[in-house]
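Have a look at the structure below before the remarks.
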Amino acid sequence: FGIDLPPVLSASGLMLLFAVILYCGTRFADYLNRIFMIGLAGCFIALLATLSPNVKLTLLRPASYQGLWVTLPVIVTTFGYQIVIPSVRRYLDDNIKQLVKVIIVGSTIPLLTYIAWELLILGVIPYRGTHGLKVILATGQPAIGLTQSLQGLLQAQWIGSVAKFLSFFVIATSFIGVSLSLFDFLCDGFRIERNHVNKLLITAVTFIPPIFFTLLYPTAFMAALGYAGILVAVLLIIIPIAMVISGRYYRHEPPTYRTPGGIISITTLLLFAIAVIIIELFLS
Numbered sequence: 093f094g095i096d097l098p099p100v101l102s103a104s105g106l107m108l109l110f111a112v113i114l115y116c117g118t119r120f121a122d123y124l125n126r127i128f129m130i131g132l133a134g135c136f137i138a139l140l141a142t143l144s145p146n147v148k149l150t151l152l153r154p155a156s157y158q159g160l161w162v163t164l165p166v167i168v169t170t171f172g173y174q175i176v177i178p179s180v181r182r183y184l185d186d187n188i189k190q191l192v193k194v195i196i197v198g199s200t201i202p203l204l205t206y207i208a209w210e211l212l213i214l215g216v217i218p219y220r221g222t223h224g225l226k227v228i229l230a231t232g233q234p235a236i237g238l239t240q241s242l243q244g245l246l247q248a249q250w251i252g253s254v255a256k257f258l259s260f261f262v263i264a265t266s267f268i269g270v271s272l273s274l275f276d277f278l279c280d281g282f283r284i285e286r287n288h289v290n291k292l293l294i295t296a297v298t299f300i301p302p303i304f305f306t307l308l309y310p311t312a313f314m315a316a317l318g319y320a321g322i323l324v325a326v327l328l329i330i331i332p333i334a335m336v337i338s339g340r341y342y343r344h345e346p347p348t349y350r351t352p353g354g355i356i357s358i359t360t361l362l363l364f365a366i367a368v369i370i371i372e373l374f375l376s
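Per this note's numbering: the sequence shown = residues 93 to 376.
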């Protein structure tokens, strides 16, 4: 937003803000997140209405499908929201039907949004040229480069402001979900009672290490992003599969909910996760 703050002050202030939100509880975070989602939807609709008339179908024609498989780790990482499911289940009081509905709707809306966004950006911004995708990639700051390209191509300075607000809402909603899932993970993993003192302690453990890590190693996020596909494949696919196999076929625990497909679905997901890991290692 054009305000330059020292890294220590900006990181600490942001973490303190989200720490207060997290301490206030899941319900407060839920309602605040709804407000942010309304803002996000408003910004997206504004960009959608502005960019749609400028889409050129010729830019959407694929030059080659050979590199399509390379996008698999990125797609998996994009839908790596499973870490928040335990928190949502607790928030819904173990209502499995509601949880399944939330997962389906919560997956479909982002999917349609991503598709629309890809069509808009790829249909408006050419690959080469002064404001092309190749130039955006070369800047090393794709969010800023994208905003500048859209402003240059459409000659509309207000797009920059809308894009900044969109980025803020995207980061805020994601951060709330990730923070909440980590908070609940620590409480459940260490079997900690959720009283005021313990909530303060877990909130501190949730946020203080990331602050120091961010300040000491600012490029850590981008470095880790290169291996995000592997992390998601292991944490969110392979480990849950191992848990299902252990509970279903060895411990014979009675399930409260069982997805269709049986061992075929499990095997397919396992092969998919292995493929993601191989592709990510190949790209590295």
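Note that beta-carbon positions come from the ideal geometry of N, C-alpha and C, so glycine has one too.
Endpoints, alpha helix (DSSP H) assigned at residue i
i, result
"Pro-202", "188 to 216"
"Tyr-219", "Counting along the chain, Tyr-219 falls outside any alpha helix (DSSP H), and DSSP gives it neither H nor E."
"Gly-117", "Neither: Gly-117 is in no alpha helix (DSSP H) and is coded neither H nor E."
"Ser-179", "177 to 183"
"Ser-376", "No alpha helix (DSSP H) contains Ser-376, which DSSP labels as neither H nor E."
"Leu-323", "320 to 325"
"Pro-332", "331 to 337"
"Ala-248", "No alpha helix (DSSP H) contains Ala-248, which DSSP labels as neither H nor E."
"Thr-170", "164 to 170"
"His-288", "288 to 308"
"Leu-152", "That residue, Leu-152, is in no alpha helix (DSSP H); it is neither H nor E in DSSP."
"Thr-231", "225 to 231"
C-beta atoms of residue i and residue j nearer than 7 Å
i, j, result
"Ala-111", "Thr-295", "yes"
"Ser-266", "Ser-179", "no"
"Ala-320", "Thr-169", "yes"
"Ala-133", "Ile-268", "no"
"Phe-275", "Leu-114", "yes"
"Cys-116", "Leu-258", "no"
"Tyr-349", "Ile-188", "yes"
"Ile-228", "Gly-221", "no"
"Gly-252", "Thr-239", "yes"
"Val-216", "Asn-287", "no"
Residues of its chain near residue i, where Cβ-Cβ distance is below 8 Å and the 5 sequence neighbours each way are ignored
i, result
"Leu-278", "Ile-284, Ile-294, Val-297, Thr-298"
"Lys-226", "Tyr-219, Arg-220"
"Gly-232", "none"
"Leu-307", "Pro-99, Val-100, Ala-103"
"Lys-291", "Tyr-115"
"Pro-310", "Pro-99"
"Tyr-206", "Thr-170"
Nearest-angstrom beta carbon gap, residue j and residue i [assumed within contact, 8 Å]
i, j, result
"Leu-152", "Leu-214", "6 Å"
"Leu-164", "Ile-371", "5 Å"
"Ala-103", "Ile-303", "6 Å"
"Ala-255", "Leu-242", "7 Å"
"Leu-143", "Leu-101", "Incorrect: roughly 35 Å between the Cβ atoms, too far for contact."
"Ile-369", "Ile-333", "In fact, because the Cβ distance is near 13 Å, the residues do not count as touching under 8 Å."
Sequence-distant residues of its chain with Cβ nearer than 6 Å to residue i (five each side left out)
i, result
"Arg-182", "none"
"Thr-118", "Tyr-183"
"Gly-244", "His-223"
Chain B contact for residue i (CB, 7 Å cutoff)
i, result
"Phe-304", "Protein chains in the displayed structure number just one, and chain B is not present."
Chain-order list of residues whose beta-carbon lies under 7 Å from that of residue i (same chain, five-residue window excluded)
i, result
"Gly-318", "Ser-376"
"Ala-365", "Ala-325, Ile-329, Ile-330"
Notebook entry, point to check: Looking at C-beta atoms only, is the number of pairs between the region 193 to 203 and the region 171 to 182 that lie closer than 8 Å three or more?
Noted result: Contact holds: three or more Cβ-Cβ distances are below 8 Å.
Note to self: Check whether the region 248 to 268 and the region 125 to 135 touch, using three or more Cβ-Cβ pairs below 8 Å as the test.
What the structure shows: Judged by Cβ distances under 8 Å, the region 248 to 268 makes contact with the region 125 to 135, as three or more pairs qualify.
Check: Does the region 321 to 339 touch the region 356 to 372, meaning 3 or more C-beta pairs lie closer than 8 Å?
Finding: With a cut-off of 8 Å, the region 321 to 339 and the region 356 to 372 count as touching, because enough Cβ pairs lie within range.
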